[in-house]
Structures are given as structure tokens and as C-alpha cells.
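Those letters in the sequence shown? Residues -23 to -1, 1 to 300, per mature numbering (1 follows the signal peptide of the UniProt record, and there is no 0), in order. Below you'll find the structure, written out as C-alpha cells, and then a few comments.
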Amino acid sequence: MRFVAAALAALCLVFQTVSPGHAQDNWPSRNVTIIVPFTAGGTADLFARLLASHMQVTFGQSFVVENRGGAGGNIGAAAVAKAPNDGYTLLLGTVSTHAINPTLYSNLAFDAAKDFQPVSLIARLPNMLVVKNSMPVKNVAEFVAYVKANPDKLNYGSSGVGTSIHLAAELFKIATGTRMTHVPYRSSNEIMQNLTGGHIDLAFDNITLAWPQAKAGTVRALGVTSPQRSPTAPEVPPIADTLKGFDATSWHGLFAPAGTPRPIVEKMAAEMKRILEMPETVTKLTDIGAVPSPMTPDQFTAFIAGERAKWAEVVKASGATAN
């Protein structure tokens, strides 16, 4: 009996030693869930479904997209933070969930810096500075001078407190030392309706909504919030051409729970790079104003740290809070 017990103990030790590596090598061996912390139909949902459609072909397992919206993305993010770190529950995270919300919210149920393993950035999406046609400015330099000459007289619209559209304007105010009044709406569509109607003066709006209006002549585009020109609107210069270093780009990326085995993380990152560099993917993302931007896990981790520090300063300076 002692021999049998010893043999069983040795066998268990072998399984304990080998099984983790075996599981990593065989990942995925069952369905993988990608949680999108926003409602269906948005940009994050589109990115998740794009990745899922390709990854399930490559890996031979289903990648299921599950929408868990609410609280600015915090509900879905918290669910992934508490999930097993085995590579089978992932998060489609954003600049909001991992760079803005840690300062905007005082009661997060997760630690954005410690509870996740960044896998790869997916894409960056610049906003576009657009003004009403009656404003007597033609470029960013003239706009800065005009705002400085009219402190507290201009109103800018956003899609809500703490959104990238709101904080892009707040970053602009910090960079230029100007003062404007924030008018929050419920959606980007409302922003554009009120801007074209002359009820507000400007917005740093979603490029996919702002650019068609600018081309139609209902608003005037002055600049994009990314450091480089956008492939979606190449004729519009970056605000950074006038305000050096200005960057208020929204972004989306894939995350796993902290402690997910490195081989699994690197396998996902390599597949994402392949998908995001496919010509058809580049075209599809450019059509919605996005720039594919794959990164290694280490590059993405460093990128997020810089973004979190930057947006923490902007949120604090703006006085914005949400709970």
C-alpha cells in the first residue's frame, strides 16, 4: 500500500509539473470569450468581432464576443480582472478603461495597472477639431488666437463627462492656456446637430462623424488630434503641427487577466499583428477613421503607462469626476 501511495504521489507531482506547460502549448483547447465593456454596435464591438472572426479560423476554436456595457466600461473590465488567468477570458479595453477611468472614478472594482496583462494595441482613432462655419478662423493658429481673445465665450460639445471628446478639449485648454465652456451631450450625433445648428461653437468630435460634415461644408475642420495626419482625412493637418506634442488619440487594445502565461499572451499578440497588417483589415479600419497599431505586450504595457499618467493630469485639471 505504501508503494501504491508513493506511486500516486509521484504521478500527481508529474501532472502538477507538466500540466501548466501542456495547457499553454495547447491553448486554445476550448471557446475563448472576448468581453466588450460597451454595448453592441460601437467601435469596440467592431474591433472585437473583427479579431474573433480571424482568430477562430487560425486557432480552430470559437472566439465569442460578449457585450457587458455600463459605468463607462468598468463593469466589463471588472469581470475580466476577476476571471481565471488561463487565456480564455479577454477584454477589449480602451483609453477609457485603462487610462482615463482610474482617475475619473474613485471607486473602481479593479486596478487598471495591476489586474491586467496587456496583449496588444489594436488601433488608434483621432478626433477632429471642427468649428461652426461662422467662426472667423481658418486654421489652428488662428483658432488659438481667437479663443485667447474671447475667454469663456466659446462653448464646446462632448459626448459626456470624461469621454475622449471631452478630455481632448481639456488637453487643448491646458496646452494653450485658454478657457472655454463644456456642454455635454448624450452622443456624438447630438454634438454635430448642435454644432451645425449654431448652438455650440466647436467640438473635438469623432472623425467618422465630423469629417463627412466638414466635406459637406456644414462645419469647418481645423485639425486632427493625432500626431500624424489621418489616412481617413489626409488633407486635414494635425493640431500638433501648431501645438508641438499635442496628442489626444483614442485607442483600443486587447487585455488578459494578470498572470496569464506569457506563451499564451505572445501567441495572441503575434496573431493580432498578422490580422492588423492584412491589407483588407487596414482598409476596413481606415474607413472608420482608425489606424491599425499592433504592439508587442511590452510595448503596449509601456504605452499604457504613459497614457495613464497623461490623462490623470488632464482629468485632475478639468475637475471631472464620475461614480
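Each residue gets a CB set at the ideal place from its N, CA and C atoms; glycine is no exception. Computed from a predicted structure; not experimentally measured.
Coil, strand or helix - N110 by DSSP | coil
Where does the unbroken alpha helix (DSSP H) through Q33 begin, and where does it stop?
-> T20 to F36
Could you work out which residue in P113, A48 and A55 is closest to A86 when comparing CA atoms only?
-> Ranked by Cα distance from A86, the options P113, A48 and A55 are led by A55.
Whose C-beta lies closer than 8 Å to the C-beta of A286 among residues of the same chain, with five residues either side of it excluded?
-> none
If you draw a straight line from the C-alpha of L23 to the C-alpha of K221, how long is it?
-> 32 Å
Give the range of the beta strand (DSSP E) segment to which D182 is assigned.
-> L179 to N183
Alpha-carbon spacing of S207 relative to N104, whole angstroms | Computed Cα separation, rounded: 10 Å.
According to the Cβ coordinates, are G209 and I265 closer than 9 Å?
-> The sequence shown places Thr at residue 209, not Gly. A contact, by the Cβ cut-off of 9 Å.
Can you name, in chain order, every residue of its own chain whose Cβ lies under 6 Å from the Cβ of N132, other than the five neighbours on each side?
-> For N132, where only same-chain residues beyond five positions count, the Cβ hits under 6 Å are T158, V160, I177 and D178.
Which residue or residues does DSSP assign as beta-bridge partners of G230?
-> G70 and L98
Buried versus exposed call for S295 [16 or more other C-beta atoms within 10 Å across all chains shown] = buried
With burial defined as no fewer than 16 other Cβ atoms inside 10 Å of the residue's Cβ, what is the status of L(-13): buried or exposed?
-> Model confidence at L(-13) stands at a pLDDT of 48, short of 50, so the residue's coordinates are unreliable; what they give is reported in the following sentence. So L(-13) counts as exposed.
Would you check if the region 254 to 274 and the region 83 to 101 touch, i.e. whether three or more CB-CB distances between them fall below 8 Å?
-> yes
Only counting runs of 3 or more residues, tell me where the beta strand (DSSP E) segments fall wholly within the region 105 to 158, in order along the chain.
-> 132 to 135
For E167, the first and last residue of its enclosing alpha helix (DSSP H) | S165 to T173
Where the alpha helix (DSSP H) through L253 begins and ends | R239 to L253
Would residue 304 pass as a contact of L186 if the rule is Cβ separation under 9 Å?
-> With the chain represented from -23 up to 300, any question about residue 304 goes unanswered, as that position is not in the structure.
Using DSSP with H/G/I as helix, E/B as strand and the rest coil, what is R197?
-> strand
State yes or no: is the C-beta of S141 within less than 9 Å of the C-beta of S73?
-> Contact flag set, yes.
With a 10 Å radius around its C-beta and 16 neighbouring C-beta atoms as the bar for buried, classify V34 as buried or exposed.
-> exposed
Cut-off 7 Å between Cβ atoms - residues of its own chain near P214, not counting five sequence neighbours on either side = G200 and R206
Excluding the five sequence neighbours on either side, which residues of its own chain have a C-beta within less than 8 Å of the C-beta of D171, listed in chain order?
-> Asp is not the amino acid found at residue 171; the sequence shown has Asn there. The residues are G134, V160, Y162 and I177.
Could you tell me the boundaries of the alpha helix (DSSP H) in which T80 lies?
-> N78 to L81
Let me know if E147 comes out buried or exposed under the rule of 16 or more other beta-carbons within 10 Å of its beta-carbon.
-> Burial is judged here by how many other beta carbons sit within 10 angstroms of a residue's own beta carbon; E147 has at least 16 and is buried.
CA-CA distance, K125 and K150?
-> 10 Å
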